[in-house]
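Chemist: Below is one structure. I have some questions about it.
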Amino acid sequence: MHSAYSQKISSLLTATWFMLIWLILVFMASRYCMFSDFADPQVLGGYEADLGRMWWMGLRYDARVSAIMLLLPLGVGLFFYLFSGLGRFTRRFILLLFILAAFTAALFAIANYYYYQTYHNFIDIFAFGFFAEDQAAVLGNIWDDYPVVRIGLLLLGLSLAPLFPAVWLLGKTNHAERGLRFYRKPKSRPMLALFYLIISGALFFLIARGSVSTFPLGRNDANISSLTIINKLTPNGLITFKWAWEDYADDIVFETPDASIGHELLKKTGLNLLEKTPDNAWLAANPPHVLLVLMESFGSNMLALDVPPQNDLLGSLRQHLAADFLFRRFLPEGNGTAPSLAALFFLSPAQNISHSSAQNSSLGYTPFDTYKKAGYSTVFIYPGNMMWRNMANFLPLQGVDKFYDQNDLLRLYPEAQREITAWGVPDEYAYRLAAKLLEEAGQPLFIGLLTTSNHPPYRVPSHYTPGPVALTPEVEAHSEDGGIEQTEIMHTFQYAANAFGDFLSGLKASAAGSKTLVAATGDHQMRRLKSFEPMEQALNLGVPLYLYVPEEIKSQTPLRFDETRPGSHKDILPTLYALSLSNAEYLALGGRNLLAEKDDPSRAFGYNERIWIDSNGAYFAGSPQLLHRWAMPLRPYEGHFGTEGLLLGKNSVPTNEPELTEKIRAYPKLLRWQINARVSGQRF
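When the count follows my numbering, it moves up by one through the sequence shown with no breaks and lands on 688 for the last residue.
What follows is the structure, encoded as structure tokens:
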């Protein structure tokens, strides 16, 4: 090895090792901050061994992604230093790549911290929803709710801090020659430099793999504990972004599935894809209207903070929750608006289906299709812009006869113009339109309605007079830091609930009230609230299901209400079908009629991407073989949502039911299999 070249390579390797240590420290610092701010010390007792594994495995993830980022500047230096005339250019280019690596590490370390603060998860596929949203509105929310200037300064500092040591370690530049005369390089030793290169190359290869075993360090290696937060803090933001990108790529491309795989998954889950409602002559002759409302951020975690009268989060909705059917051990299928919308209205686990390779496909078996076949007119109402996620083009293909968005609402109700936000007009105008359509309907009507008001910037209409809210000790204990006042968040939640309550009061007093079924649920938990896990894992992710069933329908359809029955979004439409359609075939996907006289034990579960619940307790996605039992029985609802019956025990126990574990693992695969089958045109 030439002496000048060996001297440059030795300097390059030393600078690269320094940068590796710097990047690892940035990721580790982020993990430490997340651990300090988000992990409850009272929960961590007994998990000391798991915590040790978290730090060790986290170090391996950090070292792996850091080494991979530094392979480029290392390769650039090894190659271009061969050309003596490119030395100055090469050093500058390497320094630029070092800065980019430091910037990338800092960016994802900071982003992962705030992502977890908001969504209680590391960076996942939901992050890519930014590209399908109104970017200006999202950026406005970020500016309002996060310390953007402070974050920017921190990002700048972490990006530039390693620059000057790296300059010094790389050796002479023009500045070094003028101002760093005190640094004298040792005499070049080519053989020693070659040995240094070989050892460094081998170590970098091992570090970049993250493992000396057959397989490199991967996604499954992050599952090291039965305590969810430990698993969430183990990987760093950059590698979780990579995983999210892979999920996103899978989410927008569909393949023709193997029928034998579907049969195997059905066997493992013990489920049927298709079901049929009972024969009911009265329903056949008197089909009711059906309204299904997906409410923005109507989460159980926020409802648990409702303590009337000092902290009233329900307004006029309270009386209806007490008078009608309310299921509280209930989950959304997704943990964002898009995933829950896709799951509920399109029966799709792919949240991006409306702007994927399937965007021009008619899926079949959607609720709009099912009701159309039964002679219904189908409508979708959204108080935002219907070009959101390509809905204006996608909904008609799925059986929607007519849709209305903010443009229609502004035309019908011009006074809404002064209340519009980046996300649409207030919910009350969508409910006014729904009431109008129900009143004027000349044939059975199925309406899907997605609300928007309970969303940043958390602003209520100027004409709305909020009821009392209070920063109770529970509210303060669960509030996250942010630029938006907690009282504003509670007022907005109250407004959204009250708007729905006012609509129900008007509906029940109208002629349409006796012939309209109403179901309402949340799309995901309320953001900006802390979760003390694992005890609050089900509460944090949960949403309620509210059902209004007119007395005449109750008298003509056999039913039984048991509020302890667990469920999720998969159960809503089978319940509505059973109360509105006679002898109708539908795609069940494990859903069942929650008001059936006798519950079906094979389908008596609630499914969410992160958690599975049944009458015994909860099973987390990463460890389905472990059961977290319900901490206490579910007491009857008496106007206060509470947490009783929704909290889990701190410690888990083995289920000793391998069939159940296999079912929990197979069910999401079945969901993916069936949507691939429907996109490819297969019919069941």
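Even for Gly, the Cβ is constructed at its ideal location relative to N, Cα and C.
Tell me which residue opens and which closes the alpha helix (DSSP H) that H482 is part of.
Modeler: Where H482 is concerned, the enclosing alpha helix (DSSP H) stretches over P477 to H482.
Chemist: Is it right to say A481 is buried, meaning 16 or more other beta carbons lie within 10 angstroms of its own, or is it exposed?
Modeler: Exposed, since its Cβ has fewer than 16 Cβ neighbours within 10 Å.
Chemist: Take L162 as the anchor and find which of Q678, I103 and T218 has the nearest alpha-carbon.
Modeler: It is I103 whose Cα lies nearest to the Cα of L162.
Chemist: Measuring alpha carbon to alpha carbon, tell me which residue in G241, A542, Q686 and Y433 is nearest L723.
Modeler: Since the first residue of the chain shown is 5 and the last is 688, residue 723 is not available in this structure.
Chemist: Under 8 Å, do L348 and H573 count as touching if we go by C-beta distance?
Modeler: Result yes, Cβ atoms of L348 and H573 sit closer than 8 Å.
Chemist: Classify V216 as helix, strand or coil using the three-state DSSP reduction.
Modeler: Three-state DSSP puts V216 in coil, outside helix and strand.
Chemist: Quick check on the DSSP output: the alpha helix (DSSP H) that includes V1 runs from which residue to which?
Modeler: The requested residue 1 does not occur in the structure, where the chain is confined to residues 5 to 688.
Chemist: Measuring CA to CA, which of P470, L55 and I114 is closest to S229?
Modeler: Comparing Cα-Cα distances from S229 to each of P470, L55 and I114, the minimum goes to L55.
Chemist: If you measure between the beta carbons of L413 and A434, is that distance less than 8 Å?
Modeler: Contact flag set, yes.
Chemist: If you follow the alpha helix (DSSP H) that A524 is in, where does it begin and where does it stop?
Modeler: Taken as a continuous stretch (DSSP letters only), A524 belongs to no alpha helix (DSSP H), being part of the beta strand (DSSP E) at T520 to G526.
Chemist: Can you tell me whether T18 is helix, strand or coil according to DSSP?
Modeler: DSSP places T18 in helix when its eight states are reduced to three.
Chemist: Near Y552, which residues of its chain fall below 6 Å by C-beta distance, leaving aside the five closest residues on each side in sequence?
Modeler: Answer for Y552: D328 and V522, listed in chain order.
Chemist: In chain order, what residues of the same chain have a beta carbon less than 7 Å from the beta carbon of A378, not counting five sequence neighbours either side?
Modeler: Cβ neighbours of A378 beyond the five flanking positions: P291, L585 and A588.
Chemist: With distances taken Cα to Cα, identify the nearest neighbour of G517 among L295, R682 and Q498.
Modeler: That would be L295, whose Cα lies nearest to the Cα of G517.
Chemist: Put T647 into one of helix, strand or coil per three-state DSSP.
Modeler: Coil.
Chemist: Indicate whether P538 and T232 have their beta-carbon atoms separated by less than 8 Å.
Modeler: Their beta carbons are under 8 Å apart, which means P538 touches T232 by this criterion.
Chemist: Along the alpha helix (DSSP H) that carries K406, what are the first and last residues, could you check?
Modeler: Counting along the chain, K406 falls outside any alpha helix (DSSP H), though it belongs to the beta strand (DSSP E) covering K406 to Y408.
Chemist: Give every residue of the same chain whose Cβ lies closer than 7 Å to the Cβ of M306, excluding the five residues on either side of it in the sequence, and list them in chain order.
Modeler: Cβ within range, chain order: L317, F497, M530 and L533.
Chemist: State yes or no: is the C-beta of A524 within less than 8 Å of the C-beta of S457?
Modeler: Cβ distance not < 8 Å, so A524 and S457 don't count as in contact.
Chemist: By how many angstroms is the C-alpha of S358 removed from the C-alpha of L221?
Modeler: One C-alpha to the other measures close to 34 Å.
Chemist: The alpha helix (DSSP H) with G274 in it runs from where to where?
Modeler: Note, G274: premise wrong, no alpha helix (DSSP H); not H, not E.
Chemist: Only counting runs of 4 or more residues, tell me where the alpha helix (DSSP H) segments fall wholly within the stretch 526-607, in order along the chain.
Modeler: Correct list: 541-545, 555-560 and 576-584.
Chemist: What are the residues that DSSP puts in a beta bridge with P299?
Modeler: The residue you asked about is not Pro; residue 299 is Met in the sequence shown. G526.
Chemist: How would you write the range of the alpha helix (DSSP H) that Y462 sits in, first residue to last?
Modeler: Run containing Y462: none; DSSP gives neither H nor E here.
Chemist: Measuring CB to CB, does T374 end up less than 8 Å from Y118?
Modeler: No, Cβ-Cβ distance for T374 and Y118 is not below 8 Å.
Chemist: When the Cα of T238 is compared with those of A67, S217, D255 and G79, which residue comes out closest?
Modeler: The option with the nearest alpha carbon to T238 is A67.
Chemist: From the DSSP output, in three-state form, read off Q402 for me.
Modeler: Helix.
Chemist: Checking the sheet assignment: what are the DSSP bridge partners for Y623?
Modeler: Y623 is bridged to W616.
Chemist: In three-state terms, what does DSSP make of N356?
Modeler: Three-state DSSP puts N356 in coil, outside helix and strand.
Chemist: Using a C-beta cutoff of 8 Å, does V171 count as contacting chain C?
Modeler: No chain C is present in this structure, which holds just one protein chain.
Chemist: Take G595 and list the residues in its own chain whose beta-carbon comes closer than 6 Å to its own, dropping the five residues that flank it on each side.
Modeler: Only K574, D575 and P578 meet the Cβ criterion.
Chemist: Assign N612 to buried or exposed, taking buried as 16 or more other Cβ atoms, counted over all protein chains shown, within 10 Å of its Cβ.
Modeler: N612 should be labelled buried.
Chemist: Just grab the DSSP bridge partners of V294 for me.
Modeler: Answer is F450 and L521.
Chemist: Within 10 angstroms of its Cβ, does K558 collect 16 or more other Cβ (buried), or is it exposed?
Modeler: By the 10 Å Cβ count, K558 comes out exposed.
Chemist: Can you name the start and end residues of the beta strand (DSSP E) that T382 belongs to?
Modeler: Per DSSP, T382 belongs to the beta strand (DSSP E) from S381 to I385.
Chemist: Determine the DSSP secondary structure at P704, reduced to helix, strand or coil.
Modeler: The shown model of the chain, from 5 to 688, leaves out residue 704, and the question about it has no answer.
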